[in-house]
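Asks:
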Amino acid sequence: MKPVSKSKRTRATAFTAIGVLVLGAAGYLLYGAFAKPELPPIDGNTVDIAADMGGFTRKEVRLKAGEPVTVRLTSLDGSHHTDGGGKHQWAVDELGINIVAPPLGSRYVTFTPSKPGTYTFYCDICCGGRANPTMSGRLVVS
Ligand SMILES: [Cu+2]
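Residue numbers (this note's numbering): 11 to 152.
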């Protein structure tokens, strides 16, 4: 058996180190892509909704007229997204509501819907905006 030369051992060590770095970086990126940001609780009736490039996590939100509610929008996309820069929106024109969540962050608005009806909520920031059916949903006030 030939003794392993020093340079070979150094190369093996270097390859192992690079391998560990690459795996670590991949793991870090995967974690960032799939981990949901931790959300602090909000007092009262709260509706949590999140959005990424694939759309909203809920296609329908039901509320009661006359009852205050806090809608919290969370963006699951990071700022490296070229389309919209990782921001998402939750807007309801008829109720004058426009929430814009920053990349990987949340914003919320508390309001009291007064009139029963079916409204459309949408994000007009990314993926073709309002015209894209995945970036909209139904708000039903009963
Ligand atoms: Cu969006």
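Where is the CB? At the ideal position from N, CA and C, for every residue including glycine.
1. Curious, which full-length alpha helix (DSSP H) runs of at least 4 residues does the region 76-109 contain?
2. Can you tell which of 151, 145, 136 has its C-alpha closest to the C-alpha of residue 69?
3. Does the region 102-109 touch the region 123-143, meaning 3 or more C-beta pairs lie closer than 8 Å?
4. Going by Cα to Cα distance, which pick from 135, 90, 134 is closest to residue 114?
5. For residue 152 and residue 32, I'd like the C-alpha separation in whole angstroms.
6. How would you label residue 51, buried or exposed, when you count the other beta carbons within 10 angstroms and need 16 or more for buried?
7. Give the DSSP-derived three-state secondary structure of residue 139 in the structure shown.
8. Hey, quick one: how far does the beta strand (DSSP E) through residue 127 stretch, first residue to last?
9. How about residue 135: is its Cβ closer than 8 Å to a heavy atom in ligand 1?
10. Return the chain-ordered list of same chain residues with a C-beta closer than 6 Å to the C-beta of residue 136, the five sequence neighbours on each side being excluded.
11. Apart from the five residues just before and just after residue 72, which ones in its own chain have a Cβ nearer than 6 Å to its Cβ?
12. With burial defined as no fewer than 16 other Cβ atoms inside 10 Å of the residue's Cβ, what is the status of residue 97: buried or exposed?
13. Any chance the CB of residue 147 is under 8 Å from a heavy atom of ligand 1?
14. Is residue 85 buried or exposed, if buried means 16 or more other CB atoms sit within 10 Å of its CB?
Replies: So, to answer that:
1. none
2. 145
3. yes
4. 90
5. 53 Å
6. exposed
7. helix
8. 127-132
9. yes
10. 93, 94
11. 150
12. buried
13. no
14. buried
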